[in-house]
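If you read the protein sequences in the order shown, they are chains A and B. Residue 280 in my numbering sits at position 280 of the first sequence; the count goes up by one each step and never skips. Residue 560 in my numbering sits at position 278 of the second sequence; the count goes up by one each step and never skips. Quick reminder that beta carbons are idealized off the backbone N, C-alpha and C, glycines included. Data block below; observations after.
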Amino acid sequence: MTSRGAGLNMRQIISKITVYLILGLGSIVILLPLQWMISTSLKPLSHVFRFPPEFWPQKIVWSNYPDALNQLPFDLYFANTTFIVILCLLGEIIVSSIVAYAFSRLRWRGRNALFIVVLATMMLPRQVTLIPEFIVFRHLGMIDTFWPLILPSWFGNPFYIFLLRQYFLTHSRELDQAAVIDGCSRFGVFWRITLPMSKPVLGAVAIFSFQFHWNDFFRPLIFLLDQDKYTLALGLRFFQGTFGTEWNSLMAVSLVVMLPLIVVFFFAQKHFIQGVVFTGYK
Amino acid sequence: MSLAQFVKKQSGFTSLNITYQRGETVLAWAMVSPWVAGFLLLTAFPMVASLALSFFKWNILSPPEYVGLANYHKLFFTDPLPVHSLKITVIFSLASIPLNIVFGLTIAMLLNTNIRGLAVFRTIYYLPAILSGVAVAILWQWIFSSDFGLLNTALRVFGIEGPAWLGSKIWVLPAFVIMRLWSVGGGMIIYLAGLQAIPTDLYEAAEIDGANWWQRVFRITLPMLSPTIFFQLITGVIFTMQIFTETFIMTDGGPANASLFYLLYLYRQAFQNFKMGYASALAWVFFVAILLLTLILFATAKFWVYYEAESDEDN
């Protein structure tokens, strides 16, 4: 932004160094909790409570991981979580993009008024509707099943509808019209033109959805009872309740639960950041 | 600019002489029907139902009993905990949201100074923002451990003996604020994108006019970024007020209810004591509280949120 060229003077050099210093220190502060987590997860329990605490493990115990993970059926929790996440993600992508298409590419009376309702529901804290929702699912005999966790995703998510609509609005209308003239149906336009052109925003929605449902604790806590149906978040909470002060095991299991998110983040970082940017833009 | 005007302008059909095609209208309603059904079944009906339920006493098993405003009377006058928990939830939000905005903006501005390694820094700062929930809560519970925790170990390096954090009535809220600062990268990414979208000729013109760094920040950067900051503030209020998992896992509301955030109290009433009527009243009060806070923020917007001169161009 400022003139980059040959003449870097002393002041500029000092301010550059200061910027790097602050950012570097900040990065260390941000990464320390994760380092602490990994380090604790590899210590024998006796070393966890050494004073002063060791920053790097003096003795590395890899078996903490299998030992901790075998205490509870985490493979089952993993399967349950994956099942719920995939079905939620599919529902949110499919339904939200269909709804967003009507809100952005079709012309119909009441479109803008209805879209304002979508925006308003985005602002609504879900807890206001939770109790009647719980009662309804109870009447339907769906408590302690995955249905209350999955079904709402198949009605479209206002936040994703908003994101997708913003993106669809940037496409040119001429392309749609040309396809219609060539005999393509309106739905065909959506399926063959709009969706393939929207891969970045669809990727972003997929990632947000994955992230949200993977981490979700509140709804599984309310709707699931039986341990066989636990998600990873519930299993982790149960593990904590049972092995409360075995911090090495707790850190090992927590890290394993976080790992899929971290892996997805590193592989799809571009989509993550792009997605967040879509949300920030008015 | 009102919301309605904004939606209208953005949607690209502002002209009045549109002819709607019947087929297109039918298809459009068919396509939005899942959302309409969801809105009626999962939002509109439950909202009305929970308002109605708030005038009843009901433990799910026996039939509901009409009690008029008794739940609200209890909530505001006889039970001290709802007002207490709303108060600490608001105090926590008032500390957490501005700090996250200030830190997020500062890091974004530092990253936006033509530095090398931008991608690496951005990844590092953003990483914690994708992590949340039970695993993160357990991690921070361990970090805040008074004798063996990371935070107090780090403070000892500087000769400071840290407090018991989660065990202290005074320090438990600051602890939650610190924990939430870890995910400052979420806002930072958005500010960074906003900063990169500010036209550079504005800065060049200001520099020619002799504006110093502070003047450029306060006269160009912050006004240009104010719509983004405003959006973050609104979503921040809604998101931060709903803090639940962290208290549930780390403190269970303690010590002595010092971290009994509102939703934890609501959860206990609804799903541990099965006081569905009382919990519905709690839910509605919470909803109105968030709505009021949001409306106050919207009312202040005209004093500090700057929108670029609107053009009449259609999309």
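request  = In the DSSP assignment, find the unbroken alpha helix (DSSP H) run with residue 44 of chain A in it and report its ends.
outcome  = Within the first sequence, the letter at position 44 stands for residue 44 of chain A. Boundaries for residue 44 of chain A: no alpha helix (DSSP H) harbours it, and the DSSP string shows neither H nor E there.
Rounded separation between residue 519 of chain B and residue 11 of chain A - CA only = As a first step, residue 519 of chain B must be located in the second sequence, where it is residue number 237. As a first step, residue 11 of chain A must be located in the first sequence, where it is residue number 11. Answer to the nearest angstrom: the Cα atoms are 40 Å apart.
Among B:423, B:337, B:440 and B:478, the one whose alpha carbon lies nearest that of residue 447 of chain B = As a working mapping, residue 447 of chain B is identified with position 165 in the second sequence. Ranked by Cα distance from residue 447 of chain B, the options B:423, B:337, B:440 and B:478 are led by B:423.
message = To test your reading of the DSSP string, which unbroken alpha helix (DSSP H) runs of 4 or more residues are found completely within the segment 149-206 of chain A?
response = Listed in chain order, the alpha helix (DSSP H) elements of length 4 or more contained wholly in the segment 149-206 of chain A are 158-168, 173-181 and 186-189.
request  = Run the CB neighbour count on residue 237 of chain A, radius 10 Å, all protein chains shown included, and call it buried at 16 or more, exposed below.
outcome  = Numbered from its first residue, the first sequence carries residue 237 of chain A at position 237. Buried, since its Cβ has 16 or more Cβ neighbours within 10 Å.
Beta-carbon contacts of residue 220 of chain A that lie in its chain and below 7 Å, excluding the five residues immediately before and after = Translated into the one-based positions of the first sequence, residue 220 of chain A becomes position 220. Taken in chain order, the residues that qualify are 149, 231, 233 and 234.
ask   = So, does the CB of residue 508 of chain B fall closer than 8 Å to a CB anywhere in chain A?
value = As a working note, residue 508 of chain B is residue 226 in the second sequence. Under the Cβ criterion of 8 Å, residue 508 of chain B is not counted among the residues facing chain A.
query = Distance, Cα to Cα, residue 494 of chain B vs residue 115 of chain A?
reply = Locating residue 494 of chain B in the second sequence gives position 212, counting from the first residue. Locating residue 115 of chain A in the first sequence gives position 115, counting from the first residue. Residue 494 of chain B and residue 115 of chain A have their alpha carbons spaced roughly 44 Å apart.
inquiry  = Quick check for students: name the residue ranges of the alpha helix (DSSP H) that lie wholly in the segment 472-515 of chain B, counting only runs of 4 or more.
reply    = Those alpha helix (DSSP H) runs which fall completely within the segment 472-515 of chain B and span 4+ residues are 482-490 and 495-498.
task = Would you mind sorting residue 18 of chain A into buried or exposed? The rule is 16 or more other CB atoms within 10 Å of its CB.
result = Reading the first sequence from its first residue, position 18 is the one you call residue 18 of chain A. With fewer than 16 other Cβ atoms within 10 Å, it is exposed.
query = Between residue 505 of chain B and residue 588 of chain B, is the Cβ-Cβ spacing less than 8 Å?
reply = Within the second sequence, residue 505 of chain B is the residue found at index 223, counting from 1. Within the second sequence, residue 588 of chain B is the residue found at index 306, counting from 1. Contact check for residue 505 of chain B against residue 588 of chain B passes: the beta carbons are separated by less than 8 Å.
task = At 7 Å on the CB atoms, spell out the chain A contacts of residue 302 of chain B, in chain order.
result = Along the second sequence, one-based indexing puts residue 302 of chain B at 20. What residue 302 of chain B touches in chain A: 107, 108 and 109.
task = My understanding is that residue 343 of chain A touches residue 121 of chain A, with C-beta atoms under 8 Å, so please give their C-beta distance in whole angstroms.
result = What is shown of chain A runs 1 to 282, which leaves residue 343 of chain A out entirely.
request  = Give a yes or no on contact between the segment 388-404 of chain B and the segment 20-39 of chain A, applying the rule of three or more CB pairs nearer than 8 Å.
outcome  = Yes, the segment 388-404 of chain B touches the segment 20-39 of chain A.
inquiry  = Rounded to the nearest angstrom, what separates residue 97 of chain A and residue 161 of chain A at their Cα positions?
reply    = Walking along the first sequence from the start, residue 97 of chain A turns up at place 97. Walking along the first sequence from the start, residue 161 of chain A turns up at place 161. Cα-Cα distance, rounded: 7 Å.
query = Comparing alpha-carbon positions, which option in A:158, A:21, A:270 and A:201 lies nearest residue 325 of chain B?
reply = Position 43 of the second sequence, counted from the start, is the residue given in the question as residue 325 of chain B. Among A:158, A:21, A:270 and A:201, the Cα nearest to that of residue 325 of chain B belongs to A:158.
request  = Please list, in chain order, all residues of the same chain as residue 528 of chain B whose beta carbon is under 6 Å from its beta carbon, the five residues on each side excluded.
outcome  = Within the second sequence, the letter at position 246 stands for residue 528 of chain B. Cβ within range, chain order: 419.
inquiry  = Just to confirm the assignment, what range does the alpha helix (DSSP H) spanning residue 549 of chain B have?
reply    = For the purposes of this step, residue 549 of chain B is taken as residue 267 along the second sequence, with counting starting at 1. It spans 544-549 - the alpha helix (DSSP H) in which residue 549 of chain B sits, taken as one unbroken run.
query = chain A partners of residue 405 of chain B, CB-CB under 7 Å?
reply = For the purposes of this step, residue 405 of chain B is taken as residue 123 along the second sequence, with counting starting at 1. Against chain A, the beta carbon of residue 405 of chain B has neighbours under 7 Å at 269, listed in chain order.
query = the segment 215-228 of chain A: which residues have C-beta closer than 9 Å to a C-beta of chain B, in chain order?
reply = Hits within the stretch, in order: 215, 216, 217, 218, 221 and 222.
ask   = Between the segment 348-371 of chain B and chain A, which residues of the former have CB atoms less than 8 Å from a CB of the latter, in chain order?
value = Listed by position, the residues of the segment 348-371 of chain B near chain A (Cβ gap below 8 Å) amount to none.
message = Quick check: residue 563 of chain B and residue 336 of chain B, are their CB atoms within less than 8 Å of each other?
response = In the second sequence, residue 563 of chain B corresponds to position 281, counting from 1. In the second sequence, residue 336 of chain B corresponds to position 54, counting from 1. In this structure, residue 336 of chain B lies closer than 8 Å to residue 563 of chain B by Cβ.
inquiry  = Can you pull the chain C neighbours of residue 32 of chain A, defined as C-beta to C-beta under 8 Å?
reply    = Among the protein chains in the structure shown, which are A and B, there is no chain C.
message = I need the DSSP call for residue 338 of chain B, collapsed to helix, strand or coil.
response = Locating residue 338 of chain B in the second sequence gives position 56, where the first residue counts as 1. Strand.
message = Between which two residues does the alpha helix (DSSP H) holding residue 105 of chain A run?
response = Taking the first residue of the first sequence as 1, we reach residue 105 of chain A at position 105. Run containing residue 105 of chain A: none; DSSP gives neither H nor E here.
ask   = Thinking just about the alpha-carbon of each residue, which of A:32, A:45 and A:52 is nearest to the one in residue 443 of chain B?
value = If you number the second sequence from 1, residue 443 of chain B lands on position 161. Selected option, being the one with the closest Cα: A:52.
Closer than 8 Å to chain A by CB, residue 314 of chain B = What you label residue 314 of chain B is simply residue 32 of the second sequence in a count that begins at 1. By this cut-off, residue 314 of chain B is an interface position.
key: Where residue 468 of chain B meets chain A, residues with beta-carbon distance less than 9 Å   = Numbered from 1 along the second sequence, position 186 holds the residue referred to as residue 468 of chain B. By Cβ distance, chain A contributes 276.
query = Could you give the uninterrupted runs of the alpha helix (DSSP H) lying entirely in the segment 337-418 of chain B, keeping only those of 4 residues or more?
reply = Fully enclosed alpha helix (DSSP H) runs of 4 or longer: 352-355, 362-393 and 400-412.
key: residue 444 of chain B in three-state terms, based on DSSP   = Working through the second sequence from its first residue, we reach residue 444 of chain B at position 162. The three-state secondary structure of residue 444 of chain B, taken from DSSP, is coil.
key: Straight-line Cα distance separating residue 331 of chain B from residue 269 of chain A   = Counted from its first residue, the first sequence places residue 269 of chain A at position 269. Counted from its first residue, the second sequence places residue 331 of chain B at position 49. A direct Cα-Cα distance of roughly 42 Å separates residue 269 of chain A from residue 331 of chain B.
query = Is the number of C-beta pairs between the segment 255-273 of chain A and the segment 188-197 of chain A that are closer than 8 Å three or more?
reply = The segment 188-197 of chain A and the segment 255-273 of chain A do not touch, with fewer than three beta-carbon pairs separated by less than 8 Å.
ask   = If residue 254 of chain A and residue 89 of chain A are in contact, beta carbons under 8 Å, what's the gap, nearest whole angstrom?
value = Translated into the one-based positions of the first sequence, residue 254 of chain A becomes position 254. Translated into the one-based positions of the first sequence, residue 89 of chain A becomes position 89. Rounded, the Cβ-Cβ distance is 23 Å, inconsistent with contact.
task = Helix, strand or coil for residue 245 of chain A, going by three-state DSSP, please let me know.
result = Here residue 245 of chain A is taken as the residue at index 245 of the first sequence, counted from 1. In this structure, residue 245 of chain A counts as coil in the three-state DSSP scheme.
ask   = Within the 8 Å Cβ cut-off, does residue 77 of chain A reach chain B?
value = Here residue 77 of chain A refers to the residue found at position 77 of the first sequence. Under the Cβ criterion of 8 Å, residue 77 of chain A is not counted among the residues facing chain B.
request  = Would you mind working out which of A:68, A:165 and A:229 sits nearest residue 147 of chain A, comparing C-alpha positions?
outcome  = Residue 147 of chain A sits at position 147 when you count from the first residue of the first sequence. Checked all of A:68, A:165 and A:229; the closest Cα to residue 147 of chain A is A:229.
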